[in-house]
Amino acid sequence: DQQVKQNSPSLSVQEGRISILNCDYTNSMFDYFLWYKKYPAEGPTFLISISSIKDKNEDGRFTVFLNKSAKHLSLHIVPSQPGDSAVYFCAARDRGGGNKLTFGTGTQLKVEL
Amino acid sequence: DAGITQSPRHKVTETGTPVTLRCHQTENHRYMYWYRQDPGHGLRLIHYSYGVKDTDKGEVSDGYSVSRSKTEDFLLTLESATSSQTSVYFCAISELSLQLSNQPQHFGDGTRLSIL
């Protein structure tokens, strides 16, 4: 039973346009949500996060939106750049303790020139 | 970058042999984690530690054991490796306190383990 789902395995966008990556979750005990970026042969790199008490968080070109009623999380990248091409994982923390994360299966983003 | 070193970076071994992976951190963080990444599954938690000698199981702990005798080192052991344990293994660290309640995990660059 996958508690964090990324239903799009891949996404292709043009340079300069907006990239929107989506994530759905089922566990109401999740209280902290994160996005990671991963390049081949490297570990995941933390990108941006949001607490469940907020609905939006921005950091430069990256904005994360949280819709708690829909149990939906999205990452917006504006404008998209070729260096953004990577696999993006969403993750969620259970408030039960241990700062443990549950990850989605990832979305491969390709930003084309 | 967080000071996390995983060793070895690559390993090929045979079924039935013991394997130990090491994670070393220089950040003095309290929490350390071991994940495996497989196609179609994302990252799945194997075990984690919340202090020296304090560990707990994750989602996919069967066939794995861990030890943490020092703050900076977290070892993952496959007592008798099987082909199903062929994967990429990632270590992560984080800090957590009343003052720092929302802290991301930071990852090492992984160990690619192949069991033939």
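Chains as they are written, first to last, in this note's numbering: chain A, 1289 to 1401; chain B, -12 to 103. For glycine and all other residues, C-beta sits at the position ideal for the given N, C-alpha and C.
For the set T7/B, L8/B and Y18/B, the Cα lying nearest the Cα of H93/B is the one of Y18/B. In the assembly as shown, L1389/A is a buried residue. Its beta-carbon has 16 or more other beta-carbons within 10 Å. Under the Cβ distance rule, Q90/B counts among the residues neighbouring chain A, one pair being separated by less than 8 angstroms. In this structure, the beta-carbon distance from G1384/A to C1311/A does not fall below 8 angstroms.
Considering only M1317/A, H1364/A, P1297/A and Y1327/A, the residue with the shortest C-alpha distance to D1347/A is H1364/A. Taking a cut-off of 8 angstroms on C-beta distances, the region 1361 to 1378 of chain A does not touch the region 59 to 73 of chain B, as fewer than three cross pairs fall below it. The beta carbon of D60/B does not come within 8 angstroms of any beta carbon belonging to chain A, so the residue lies off that interface.
Close to chain A, meaning a Cβ-Cβ distance shorter than 7 angstroms, are the following residues of the region 19 to 37 of chain B: G27, H28, G29, L30, L32, Y35 and Y37.
The residue among Y76/B, S84/B, Q12/B and E46/B with its C-alpha nearest the C-alpha of I102/B is Y76/B. Beta bridge pairing from DSSP links E66/B with no other residue. Scanning chain B for C-beta atoms nearer than 7 angstroms to the C-beta of L1322/A yields P91, reported in chain order.
About 7 angstroms separates the CB atoms of L1354/A and K1342/A; that is less than 8 angstroms, so the two are in contact. A1329/A has its alpha-carbon roughly 37 angstroms from the corresponding atom of S1357/A. Assignment of S1298/A by DSSP, reduced to helix, strand and coil, places it in the strand class.
Pairing F1321/A with I1338/A gives a Cβ-Cβ distance under 8 angstroms. Using a C-beta cut-off of 8 angstroms, the region 40 to 56 of chain B makes no contact with the region 79 to 88 of chain B, since fewer than three inter-stretch Cβ pairs fall below that distance. Using beta-carbon distances, G1304/A does not count as an interface residue toward chain B, since no partner is under 8 angstroms. 8 angstroms or more divides the Cβ of T1314/A from the Cβ of Y1324/A.
The beta carbon of E1330/A falls within 8 angstroms of a beta carbon belonging to chain B, placing the residue at that interface. In this structure, the alpha-carbon of G(-10)/B lies about 6 angstroms from that of E14/B. Look at S56/B here: in three-state DSSP terms it is strand. N1387/A has a beta carbon lying within less than 8 angstroms of a beta carbon in chain B.
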